[in-house]
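Visitor: Its first residue numbered 1, the sequence shown is counted upward by one per residue in UniProt numbering.
Each residue gets a CB set at the ideal place from its N, CA and C atoms; glycine is no exception.
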Amino acid sequence: MPAIATTNPATGETVKTFTAATESQIDAAIARAAARFTDYRHTDFAQRARWTHAAADLLEAEADDVAAMMTLEMGKTLTSAKAEALKCVKGFRYYANHSAALLADEPADASTVNASRAYARYQPLGVVLAVMPWNFPLWQAVRFAAPALMAGNVGLLKHASNVPQTALYLSELLSRAGFPDGCFQTLLIGSGAVERVLRDPRVAAATLTGSEPAGRSVAAIAGDEVKHTVLELGGSDPFIVMPSADLDAAVRTAVTARVQNNGQSCIAAKRFIVHADIYDDFVTKFTEQMSALRVGDPTDPDTDIGPLATEQGRDEVEQQVDNAAAAGAVIRCGGKRLDRPGWFYPPTVVTDITRDMALFTEEVFGPVASVYRAADIDEAIEIANATPFGLGSNAWTRDDAEISRFADEIEAGQVFINGMTVSYPELPFGGIKRSGYGRELSGHGIREFCNLKTVWVA
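Here is the structure:
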C-alpha cells in the first residue's frame with residue numbers, strides 16, 4: 001500500500017495517493033510557522049476567537065461532506081463521522097468562547113512576597129508539532145488545534161498516513177476561516193520524518209496521540225532536546241458492573257462503549273469486570289446484544305459496525321483472539337473475520353481469560369470484549385488495575401460507598417460512574433501509567449503549551 005494514501009477500508013481499494021513532503025518543503029513549512037509566530041502571538045483573544053468561530057461555522061455547514069470523507073478514509077459509520085464533525089464544531093466554539101478566561105492572569109498575594117503586584121501569566125510557547133492518529137481523524141487534531149491557536153501558538157500537523165484528505169482539510173479550513181498563513185500547516189510526511197521536525201530548534205514542543213511505541217519514540221527525542229510533550233497513548237479501560245447496578249442499562253451501554261468507532265477508540269471499554277452474582281446474566285444479555293449488531297457498509301445508515309481502518313489492524317485483532325482461544329479462552333460470539341472484501345471483523349465476546357494469556361494485559365483495537373468474573377469489589381478493582389494502561393474507566397453501581405471507592409482506587413485519568421467514558425471540551429482528558437502524561441481539553445489542556453510566567457513588581 002502506498003505510504004500516504006486514502007484506501008477505502010470497506011473495499012481495500014486505494015482511492016488516492018499523495019506525495020510525501022521533501023526535506024526542503026519541510027524546512028520551508030517550519031520557517032513559515034516560526035516567522036508567523038513572531039506576530040501571531042501578539043494578536044488578541046477577540047481576533048483569534050473570530051477566526052475560530054469562523055472555522056466552526058464553515059465546518060458545521062460542511063459536516064455532511066466531511067463525514068463522507070472520514071468514512072471513506074478510515075471506515076467509521078457515516079452516523080459516527082457526522083457526530084465527530086459536529087463535536088469538532090463544539091470544540092472550536094468552546095475555546096473561542098472561553099480561552100481568554102482560561103488564560104487570564106492569576107493574581108498572587110503581593111504583600112506576602114514583598115511586591116506591589118505579583119501574578120502568573122500564560123504565554124504561548126511557539127511552534128508545536130502534533131502527531132495524530134487515524135481513529136478520530138478530525139477530532140483528535142481539532143482538540144489540539146483549537147486550544148493551541150487560541151493560546152497564540154502555531155501548529156504543524158503530522159497526521160496518520162491513511163487519512164491525508166482529512167489532514168489537508170483541517171489546514172485548509174483554518175486558512176479559509178481567516179487564520180494567517182503559517183498558523184496551522186499539514187505536513188504530509190511519514191513517521192520517519194518526525195524526528196527531523198522535532199529536533200528543529202524552531203519547534204518548541206510536541207503532542208502525540210497514538211501507540212505506546214510511537215509515544216516512547218517522541219518522548220525520547222523530545223527529552224533529548226528538552227522539549228515539552230503531551231502523550232495520549234493506549235488504553236485497556238475497565239467496565240465494572242456491581243450487583244446494585246441497573247443491569248439492562250449497563251449492558252446497553254457496555255455494547256456501545258465497546259463497539260464505538262468500530263471498536264477503535266482508546267477510551268472504549270475493553271475489559272468488562274462483572275460481580276459473580278450477576279455475571280451469568282450479564283454475559284448472556286451482553287452476548288445477545290453484541291451478536292445482534294449489524295456489520296457492513298459504513299455508508300448504510302442501518303450499519304452498526306463498519307470495517308477496521310487498516311488490514312494490519314484487522315489481522316492483529318484476529319491474531320489476538322485466535323491466540324486467546326488456542327490458550328483456552330471461550331469465544332461466545334464472533335471470533336472470525338468476515339468472508340468479504342474489506343477489513344471487517346465481527347463483534348466478539350471472549351470469556352474465561354486467564355492471567356497468563358496475552359489478552360489479559362493487551363489492548364485490543366477492534367470490536368472485541370473481554371469479560372471477567374470478580375468475587376467482590378476488592379477483586380474487581382484489582383483486575384481493573386492489573387494492566388499497564390490507565391486512560392479511562394467505567395463503574396456501574398448505585399452504592400455510594402462503592403462509588404467512592406471506584407473514584408478513589410481505580411488507576412486511571414478518568415472514572416465515569418454509571419455512564420460511558422466520553423471526552424468533553426469542558427473536562428480534562430488524559431491518562432497515567434503507559435497511557436501517557438499531560439492533559440488535553442478544558443483549561444488544563446490549553447495551558448499545556450503555555451509558559452507559566454511569574455511576574456513580580458517591586
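(1) Do you know offhand how far Val142's Cα is from Val163's?
(2) According to DSSP, is Ala104 helix, strand or coil?
(3) Please name the residue or residues paired with Asp237 in a DSSP beta bridge.
(4) Ala384: which of Ala401, Asp399, Phe360 and Ser404 sits nearest, CA to CA?
(5) What do you reckon, are the CB atoms on Glu318 and Arg337 nearer than 8 Å?
(6) According to DSSP, is Arg337 part of a helix, a strand, or is it coil?
(7) Taking C-alpha atoms, which residue in Thr387, Leu58 and Pro147 lies nearest to His98?
(8) Who are the near neighbours of Thr11 in its chain, counting only those whose CB is closer than 8 Å to its CB and skipping five residues on each side?
(9) What does the Cβ neighbour count give for Pro137, buried or exposed, with the cut at 16 atoms within 10 Å?
(10) What does DSSP give as the partner residues of Asn8 in its beta bridges?
(11) Given 8 Å as the limit, is there contact between the stretch 109-117 and the stretch 77-87, that is, 3 or more CB pairs closer than that?
(12) Strictly by DSSP, which residues pair up with Gly436?
(13) Grab the span of the alpha helix (DSSP H) containing Arg216 for me, first residue to last.
(14) Just the C-alpha distance for Glu382 and Phe406, rounded to the nearest angstrom, thanks.
(15) Do you know whose CA, among Leu72, Glu73 and Tyr94, lies nearest Ala54's CA?
(16) Candidates Pro243, Val255 and Ala145: which alpha carbon is nearest Lys285's?
(17) So, for Arg48: in the same chain, excluding its five sequence neighbours on each side, which residues have a beta-carbon less than 6 Å away from its beta-carbon?
(18) Label Thr186 either buried or exposed according to how many other C-beta atoms from any shown protein chain fall within 10 Å of its C-beta, with 16 as the threshold for buried.
(19) Residues in the same chain with beta-carbon distance under 7 Å from Ala219, minus the five sequence neighbours each way, listed in chain order, please.
(20) Report buried or exposed for Gly192, applying the criterion of at least 16 other Cβ atoms within 10 angstroms of its Cβ.
(21) Where Ala20 and Asp248 are concerned, what is the direct C-alpha to C-alpha distance, given to the nearest angstrom?
(22) Given a threshold of 16 other Cβ atoms within 10 Å of its Cβ, counted over all protein chains shown, does Arg271 qualify as buried or as exposed?
(23) Drop a sphere of 10 angstroms on the beta-carbon of Gly419, count the other beta-carbons inside from all chains shown, and report buried for 16 or more, exposed for fewer.
(24) Can you round the beta-carbon distance between Gly178 and Trp51 to whole angstroms, since I take them to be within the 8 Å contact cut?
(25) Roughly how many angstroms separate the alpha carbons of Arg398 and Ser404, rounded to a whole number?
(26) Note the first and the last residue of the continuous beta strand (DSSP E) segment covering Thr186.
(27) DSSP puts Phe389 in a beta bridge; with which residues?
(28) Please report the straight-line C-alpha distance between Gly234 and Ala268, rounded to a whole angstrom.
(29) By DSSP, does Tyr372 sit in helix, in strand, or in coil?
(30) Starting from Val128, follow the beta strand (DSSP E) in both directions and report where the run begins and ends.
(31) Exposed or buried, Gln260, counting other C-beta atoms within 10 Å across all chains shown (16 or more means buried)?
(32) Mind checking Tyr169: buried by the 16 CB within 10 Å criterion, or exposed?
(33) Does the distance from the C-beta atom of residue 462 to that of Asp237 stay below 8 Å?
(34) Might you give, ordered along the chain, the residues of its own chain that have their beta carbon closer than 6 Å to the beta carbon of Pro425, omitting 5 neighbours on each side?
(35) Okay, do the stretch 63-79 and the stretch 306-316 touch, 3+ Cβ pairs below 8 Å being the bar?
(36) Of the residues Leu173, Ala33, Thr209 and Ala120, which one's Cα is nearest the Cα of Arg202?
Guide: On the basis of the coordinates in this document:
(1) Cα-Cα distance, rounded: 14 Å.
(2) coil
(3) Ala269
(4) Phe360
(5) yes
(6) Of the three classes helix, strand and coil, the one that applies to Arg337 here is coil, per DSSP.
(7) Pro147
(8) Same-chain partners within the cutoff: Pro341 and Gly342.
(9) buried
(10) In the DSSP output, where bridge partners are listed per residue, Asn8 has Glu13.
(11) By the Cβ test, the stretch 109-117 is not in contact with the stretch 77-87, since fewer than three Cβ pairs between them sit closer than 8 Å.
(12) Glu232
(13) Glu212 to Glu225
(14) 11 Å
(15) Tyr94
(16) Val255
(17) Met150
(18) buried
(19) Within the same chain, Ala219 has close Cβ partners Thr229 and Leu231.
(20) exposed
(21) Cα to Cα, Ala20 sits roughly 50 Å from Asp248.
(22) buried
(23) Classification of Gly419: exposed, given that the 10 Å Cβ count is below 16.
(24) 4 Å
(25) 11 Å
(26) Phe184 to Thr186
(27) Lys433
(28) Spanning the two alpha carbons is a distance of roughly 10 Å.
(29) DSSP, reduced to helix, strand and coil, places Tyr372 within a strand of the structure shown.
(30) Counting along the chain, the beta strand (DSSP E) containing Val128 begins and ends at Val127 to Val131.
(31) Buried, by the Cβ-count rule.
(32) buried
(33) With the chain covering only 1 through 458, there is no way to say anything about residue 462.
(34) Gly91, Tyr94 and Leu441
(35) yes
(36) That would be Ala33, whose Cα lies nearest to the Cα of Arg202.
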